[in-house]
Amino acid sequence: EKNHHSHDEL
Amino acid sequence: MNIFRFLGDLSHLTSILILIHKIQTSRSCRGISYKTQLLYVIVFVSRYLDLVWTYVSLYNSLMKLFFISSSSYILYLIKIRFRPTLDPSIDTFSLPYLIIPAAILSLIFNYADEKAWLSEVLWSFSIYLESVAILPQLFLLQRTGEAETITTHYLFALGAYRALYIPNWIYRYATESFVDPIAIISGLIQTALYADFFYIYFTKVIRGQKFELPA
């Protein structure tokens with residue numbers, strides 16, 4: 260599961 | 163990357179190009195809220211400065227650079243280049259009402275951990291501030307009661323950007339179990355703020371009528 264800390268969205 | 167997010171980003175990029183085009187061709191920033199544009203610079207700088215220490219993809223870095231530089235350029239156009247066309251008397255929304263609550267919320271609700279505090283607080287601050295950054299612009303629109311068609315296209319593209327992120331979040335939840343509650347809740351609020359505008363845009367501007375608010 261990807262975590263939200265990656266902030267890969269703009 | 164899915165189609166919704168890509169179209170959302172494209173819509174965001176388009177909105178900025180429309181705004182620059184509007185200011186440059188009319189040589190005027192009439193109808194544009196300086197305060198909203200200032201908020202976007204604060205939003206982009208506080209969120210995208212991470213491009214210095216974080217690498218996601220070339221697409222991601224280039225877009226971040228674009229948003230920081232184009233929003234700063236718009237601020238320059240409004241505040242320096244076409245300053246005489248600025249009418250501060252109608253752009254009266256008070257910025258502390260938006261910035262202070264966003265700052266407080268970011269201190270309470272964030273994804274900070276022992277490794278990253280400041281960058282996470284800045285990130286959530288930018289998300290909260292972005293969700294309400296359009297308010298001075300909508301407030302200005304409310305006061306003037308009408309808008310140039312090009313300005314409404316700008317606002318539509320800007321609103322469509324966050325609206326398109328909603329199916330993106332649903333898609334990401336379904337395919338990768340990705341959930342970002344801060345971004346999702348703020349994004350829903352941000353999109354909801356455009357509801358009135360979208361309604362008038364679809365019922366009037368799309369049919370070739372002038373954007374006028376009901377008296």
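Here the protein sequences come in this chain order: P and H. For the numbering used here, count along the first sequence from 1 and bump the result up by 259. For the numbering used here, count along the second sequence from 1 and bump the result up by 162. Just so you know, even glycine gets a beta-carbon here, dropped at the ideal spot from N, CA and C.
So, at 8 Å on beta carbons, what are the nonlocal neighbours of residue i in its own chain, with the 5 sequence-adjacent residues on each side left out?
i         : result
Val283(H) : Ser268, Leu269, Asn272 and Ala274
Tyr361(H) : none
Thr311(H) : Val367, Lys372 and Phe373
Near residue i, what residues of its chain come up, given a Cβ to Cβ distance below 7 Å and the 5 sequence neighbours on each side ignored?
i         : result
Val207(H) : Ile230
Ala265(H) : Phe287
Thr198(H) : Ala295, Ile296, Pro298 and Gln299
Lys261(P) : Only weak support is given to the placement of Lys261(P): the predicted model assigns it a pLDDT of 45, under 50, and the question is left unresolved by the model.
Residue range of the alpha helix (DSSP H) that residue i falls in?
i         : result
Gln186(H) : Ile165 to Ser188
Ser233(H) : Leu220 to Tyr238
Thr254(H) : Here Thr254(H) belongs to no alpha helix (DSSP H), and DSSP marks it neither H nor E.
Ile242(H) : Premise fails: Ile242(H) is in no alpha helix (DSSP H) and is neither H nor E.
Asp411(H) : Lying before the first or after the last residue shown, residue 411(H) is absent from chain H, which here runs from 163 to 377.
Arg209(H) : Tyr196 to Tyr210
Gly350(H) : The sequence shown places Leu at residue 350(H), not Gly. Here the alpha helix (DSSP H) through Leu350(H) covers Pro343 to Ala354.
Per DSSP, which one or two residues make a beta bridge with residue i?
i         : result
Ala278(H) : For Ala278(H), which the question treats as bridged, DSSP gives no partner whatsoever.
Glu374(H) : Glu308(H)
Here's a check: name, in chain order, each residue in its chain whose Cβ is nearer than 6 Å to the Cβ of residue i, leaving out the five neighbours to either side.
i         : result
Trp331(H) : Ile346
Ser177(H) : Tyr316, Ala319 and Leu320
Phe349(H) : The question names Phe, but residue 349(H) is Gly in the sequence shown. Only Arg324 and Tyr327 meet the Cβ criterion.
Thr313(H) : Gly193
Does residue i pass the burial test, meaning 16 or more other C-beta atoms within 10 Å, or should it be called exposed?
i         : result
Asp342(H) : buried
Phe168(H) : exposed
Trp215(H) : exposed
Lys277(H) : exposed
Gly370(H) : exposed
Asp157(H) : Missing from the structure shown is residue 157(H); chain H here goes from 163 to 377 and no further.
Arg305(H) : exposed
Tyr217(H) : exposed
Ile165(H) : exposed
Leu269(P) : buried
Gly307(H) : exposed
Does at least one heavy atom of the ligand ZN sit under 7 Å from the Cβ of residue i?
i         : result
Leu350(H) : With respect to the ligand ZN, the structure offers nothing, as it holds no ligand at all.
Please confirm if the segment 227-243 of chain H is in contact with the segment 195-207 of chain H, defined as three or more CB-CB distances below 8 Å between the two stretches.
-> yes
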